[in-house]
Every structure is written in structure tokens, then in C-alpha cells.
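Participant:
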Amino acid sequence: MKDPRINKLADVLVNFSCKVQSGEKVWIDLKGIDNLLGEALADAVFAAGGLPYIRVTDNKIQRRLMMGYTKEQLDWLGETDAALMAQCACYIGVRGGDNAFELSDITQEQNKLYNATYGHLVHDQVRVPRTRWVVLRYPSPGMAQMAQMSTAAFEDYYFDVCTLDYAKMDQAMDALKQRMEHTDKVRITGQGTDLRFSIKGQPAIKCAGALNIPDGEIFTAPLKHSVEGTLAYNTPSLYQGVRHENIRFTFENGKIVKATGSREDLLNQILDSDEGARYIGEFAIGVNPYITAPMLDTLFDEKIAGSFHFTPGRCYDNAYNGNASTIHWDLVCIQTPEYGGGEMWFDEVLIRKDGRFVPEDLQPLNPEHLKG
18 MKDPRINKLA DVLVNFSCKV QSGEKVWIDL KGIDNLLGEA LADAVFAAGG
68 LPYIRVTDNK IQRRLMMGYT KEQLDWLGET DAALMAQCAC YIGVRGGDNA
118 FELSDITQEQ NKLYNATYGH LVHDQVRVPR TRWVVLRYPS PGMAQMAQMS
168 TAAFEDYYFD VCTLDYAKMD QAMDALKQRM EHTDKVRITG QGTDLRFSIK
218 GQPAIKCAGA LNIPDGEIFT APLKHSVEGT LAYNTPSLYQ GVRHENIRFT
268 FENGKIVKAT GSREDLLNQI LDSDEGARYI GEFAIGVNPY ITAPMLDTLF
318 DEKIAGSFHF TPGRCYDNAY NGNASTIHWD LVCIQTPEYG GGEMWFDEVL
368 IRKDGRFVPE DLQPLNPEHL KG
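Numbers in the working numbering are just positions in the sequence shown, counted from 1, shifted up by 17.
Laid out in C-alpha cells, this is it:
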């Protein structure tokens, strides 16, 4: 018997996140998941009057392809899929699979080639700027293991996280958006961290279920050369199939001039991918009340209540600071007491302390107000 929460999730994705309209073509991209959500998404798109196109990818086959791809092949695939994507109004991308490390032995050179060709042609140039899109992970025993939970408990957690009241969250974000868009100087302090930068004149973008599920962040971009100081991330990150821990950056004039971590050689290879990889493309504040601990999945970890992420690489067009790169690596720092605490200041006003918002107009974003 199918879990009725799958239909509820499909409804959120199709009707809230993508707002599918009659006659619109919808690309549903399923990687490493079972058929149940795909069937529910097809039904929901048909019910909305849309035209679903579904592509199913096996992660083990994708690994073999990634190992052998050439630039000629990726240019051909990229041009073909970019033309198809250009016909679509919406894109729903669902990632799953029992082994989060399935692509861990793909070389950095092959990952870079894929991102610079297919990824750039299809996603950077067409999908992101020209479609209404949403991406999410799908629960599996492997994800439950990474979250250190039973499979049944993780499924309950997953649906709580993914189907919360995003409309309520969106409204509560208005005050933070307004404060960010009137802020010049930001300072963040914590264990091993004393970070300073400017967001003067930059837009702040609310993320409350329209692009990612789970969601719960508001982001902007620092002025490219304004970042100074040190930042010690306290959340492990799984990037291109490899686990990284204890990453620490030192910034001068916006550039990462020193980078250390558990995989230091690989870390610096990634940061040397191109000129923009050592500059920051995004600063975001996480507020999802149900996500309180990392689980090596960026779509979840970057939304942790009481966290922020500070992202080396490409900025987004709707929060543009001029930084271009083939990478965009959301690295997370949690500031709740369990993770060492910390403070966030906007123009010398204390905004958040130990993961909790302090000003009265921002307190509706604290977890107890967003749950339920």
C-alpha cells in the first residue's frame, strides 16, 4: 500500500513549488529512486493539466558514464538536453539511492569536465534561469544511516521536513529579508571564526519551498572583495562523492588565501578549479525548524535551523556579485549551543545568538514558531 504522504509531497512539488499550469511541459528527473514518487508526480502533473516528461537514471550506470565521458560526448548530450529543457516550463529533480558515495571514485578532472560542459549548457544556462524548478532528495535506508536513525523514524522525519507549512515560513522571512537588504556590514563570530563582509545593496532571496525541498533559507551574496577574516566550518560536507571535515578558510580581500581540512590536497584542487572558486558566491541563513543536525546531504544540511552557509564559487543571477565559477559548494556552519554557539551581527546590531534570532521582528523565525 502506497504511503499517502507520497501524494502529499507530489502535490507540494507540482502545485506549490512549480505551480504547474495547463499545457506546460514538466521535466521530471529521477535518479536512484523507486517508482512510487515518479508515479505520483506524473499523476499530479496530469491533474494540473501539464505534460510530464520523465527521465529515470540508475546511479551505478551514471558512475560508469561519468568515468568515460569525453568533451565531444558531453557537448552533444548538453546541446541535445538544453534544447529539450528550453521547451519545459518546469523541472523537478529527485535524487536518491542507498549509497551516497556511489560517485566518490570519479576523478576531479571528470567532474570538472561534466560541470563545465553538460552542467553549464543544461542547468546553468537554461534550467536555472528559465524554468520554475525544484530539487530534492528522496528517503532511503542509506540516508537513514547517514542521519543515524532507523529507516521508519527517518521516513517520518523526512515527510515532516518536506511538507511543513512553507507559506507560513515565507511570511515569517519578510522581516529578515528587509533587514538584510538594509545592511552594510556583517560580522559572524564563533569557535575559530571571526568573519567580516559587506552585503550593501544586495538583494535577499527567500527560499520557502519554491526551489528546494526541503527548504528554509534566505540568501544573498557578499560584495566579492569585501570578505575578511577566518571561518571554521563545523559541519562535514559530501562533495562530488567525497567527505570533507574541519574545513577552515582564511580570507583576504575576498579571496580564500589559505584552506585547510581533512582532505586538504583535494580541497585545494577544487578551489583551484578556476579563478572564481576561491571567492564567495553566496551567504545564506538556515531556518528549517525540523532540521537540527547534519546528515551529509547538502539539501538538508544547508537548511539547519541556527546555521549559515558561506559558499565558495558561483553566485546566483538573482543575488549577483560578479563571481563566476564551475563550482558552487555550500559549506555549513551551525551556531546552536550543541555546536559551539556563535553570534551574527548586522551593522553592529545582534541579529542571532547561539542560533536563535534576537530582535522581536525576527523571533517568528525561531523553531517553536515555525513548527506545527
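For each residue, glycine too, the CB sits at the ideal point set by N, CA and C. Just so you know, these numbers come straight off a predicted model, no measurement behind them.
Taking the alpha-carbon positions, what's the proline 158 to arginine 147 distance?
Facilitator: If I take the Cα positions, the gap works out to 34 Å.
Participant: With contact counted as at least three CB pairs below 8 Å, one residue from each stretch, are the region 172 to 179 and the region 135 to 146 in contact?
Facilitator: No: the two stretches stay apart, fewer than three of their Cβ pairs being nearer than 8 Å.
Participant: What are the boundary residues of the beta strand (DSSP E) that methionine 361 is part of?
Facilitator: Note, methionine 361: beta strand (DSSP E), 360 to 363.
Participant: Taking 7 Å as the limit between beta carbons, can you name the residues of its chain near isoleucine 353, skipping five residues before and five after?
Facilitator: In the sequence under discussion, the amino acid at residue 353 is threonine, which differs from the isoleucine named in the question. Result list for threonine 353: Gly323, Asp371 and Gly372, in chain order.
Participant: Rounded to whole angstroms, what's the CA-CA distance from asparagine 383 to phenylalanine 374? Just pull it up for me.
Facilitator: The alpha-carbon atoms of asparagine 383 and phenylalanine 374 are separated by roughly 6 Å.
Participant: Starting from the C-beta of valine 31, find all residues in its chain whose C-beta is less than 7 Å away, skip the five residues before and the five after it, and write them out in chain order.
Facilitator: Val37, Leu58, Ala61, Val62 and Ala65, listed in sequence order.
Participant: Once the 5 residues before and after arginine 112 are set aside, which same chain residues still bring their CB inside 6 Å of it?
Facilitator: Excluding residues within five positions, the ones whose Cβ falls inside 6 Å are Lys48 and Arg154.
Participant: Can you tell me the Cα-Cα spacing of aspartate 390 and threonine 315, whole angstroms?
Facilitator: Because the chain in this structure spans residues 18 to 389, residue 390 falls outside the shown range and cannot be described.
Participant: By alpha-carbon positions, which one of Met361, Thr343, Ile368 and Asn263 ends up nearest to glutamate 126?
Facilitator: Among Met361, Thr343, Ile368 and Asn263, the Cα nearest to that of glutamate 126 belongs to Thr343.
Participant: What do you get for lysine 388, buried or exposed, if any count of 16 or more other CB atoms within 10 angstroms of its CB means buried?
Facilitator: It is exposed - the Cβ of lysine 388 has fewer than 16 other Cβ atoms within 10 Å.
Participant: Return the bridge partner residues of cysteine 350 from the DSSP annotation.
Facilitator: BP columns for cysteine 350 point to Phe325.
Participant: Please determine if the region 268 to 277 and the region 290 to 300 are in contact, where contact requires at least 3 C-beta pairs separated by less than 8 Å.
Facilitator: Enough Cβ pairs lie closer than 8 Å, so yes.
Participant: Who does serine 243 pair with in a DSSP beta bridge?
Facilitator: None, per the DSSP bridge assignment.
Participant: Am I right that aspartate 364 and aspartate 201 are in contact with their C-beta atoms under 8 Å? What's the rounded C-beta distance?
Facilitator: Contact holds; Cβ gap of about 6 Å.
Participant: Taking contact to mean at least 3 C-beta pairs separated by less than 8 Å, is the region 224 to 242 in contact with the region 204 to 213?
Facilitator: No: fewer than three Cβ pairs fall under 8 Å.
Participant: Do three or more CB pairs link the region 219 to 230 to the region 249 to 267 at distances below 8 Å?
Facilitator: No, the region 219 to 230 does not touch the region 249 to 267.
Participant: Quick one: measure Cβ to Cβ for glutamate 172 and glutamate 234, integer angstroms, because I've assumed they're closer than 8 Å.
Facilitator: About 23 Å; that fails the 8 Å criterion.
Participant: Where do the ends of the beta strand (DSSP E) carrying alanine 301 lie?
Facilitator: Residues 297 to 303.
Participant: Relative to the alpha-carbon of asparagine 229, which residue among Pro253, Arg22, Ile109 and Ala133 has its alpha-carbon at the smallest distance?
Facilitator: The shortest C-alpha separation from asparagine 229 is found at Ile109.
Participant: When you compare only the Cα positions, how much space is there between aspartate 75 and methionine 197?
Facilitator: Distance between the alpha carbons of aspartate 75 and methionine 197: 41 Å.
Participant: Using a threshold of 7 Å, state whether the C-beta atoms of threonine 247 and aspartate 211 are closer than that.
Facilitator: Taking 7 Å as the Cβ cut-off, threonine 247 and aspartate 211 qualify as a contacting pair.
Participant: Tell me which same chain residues have a C-beta within less than 7 Å of the C-beta of asparagine 285, skipping the five on either side of it?
Facilitator: Around asparagine 285: Ala276.
Participant: In the region 86 to 142, which residue ranges form an unbroken beta strand (DSSP E) of at least 3 residues, counting only runs that do not cross its ends?
Facilitator: List check, beta strand (DSSP E) in window: 107 to 112.
Participant: So, at 7 Å on beta carbons, what are the nonlocal neighbours of lysine 129 in its own chain, with the 5 sequence-adjacent residues on each side left out?
Facilitator: The answer, listed in chain order, is Ser290 and Thr343.
Participant: Count the other C-beta atoms from every protein chain shown that fall within 10 angstroms of the C-beta of proline 253, then say buried if there are 16 or more, exposed otherwise.
Facilitator: It is buried - the Cβ of proline 253 has at least 16 other Cβ atoms within 10 Å.
Participant: Ignore the nearest five residues each way along the sequence and tell me which others in arginine 144's own chain have a CB closer than 7 Å to its CB.
Facilitator: Contacts found: Met102, Tyr108 and Trp150.
Participant: Identify the residues that DSSP records as bridge partners of phenylalanine 214: which are they?
Facilitator: According to DSSP, phenylalanine 214 bridges with Val203.
Participant: In terms of DSSP beta bridges, what is leucine 313 paired with?
Facilitator: None; leucine 313 has no bridge partner.
Participant: Report back the beta-carbon spacing between alanine 170 and proline 381 to the nearest angstrom; my notes put them in contact at under 8 Å.
Facilitator: Between proline 381 and alanine 170 the Cβ distance is about 28 Å, and since that is not below 8 Å, they are no contact.
Participant: Leaving out the 5 sequence neighbours to the left and right, which residues in its chain are closer than 6 Å to alanine 133 when beta-carbon positions are compared?
Facilitator: Answer for alanine 133: Thr343, listed in chain order.
Participant: Identify every residue that forms a DSSP beta bridge with phenylalanine 266.
Facilitator: According to DSSP, which records beta bridges pairwise, phenylalanine 266 is partnered with Leu248 and Ala276.
Participant: Taking buried to mean at least 16 other C-beta atoms within 10 Å of its own C-beta, is tryptophan 93 buried or exposed?
Facilitator: Classification for tryptophan 93: exposed.
Participant: Closest to phenylalanine 327 by CA distance: which of Glu245, His386, Gly358 and Val366 is it?
Facilitator: Nearest C-alpha to phenylalanine 327: Glu245.
Participant: Measure the CB-CB distance between aspartate 191 and alanine 225 and report whether it falls below 7 Å.
Facilitator: It is not a contact, given that the beta carbons lie outside the stated cut-off.
Participant: Could you give the DSSP three-state label for valine 259: helix, strand or coil?
Facilitator: Here valine 259 sits in strand by DSSP.
Participant: Using 10 angstroms around the beta-carbon of tyrosine 131, count the other beta-carbons present and answer buried if the total reaches 16, otherwise exposed.
Facilitator: It counts as buried.
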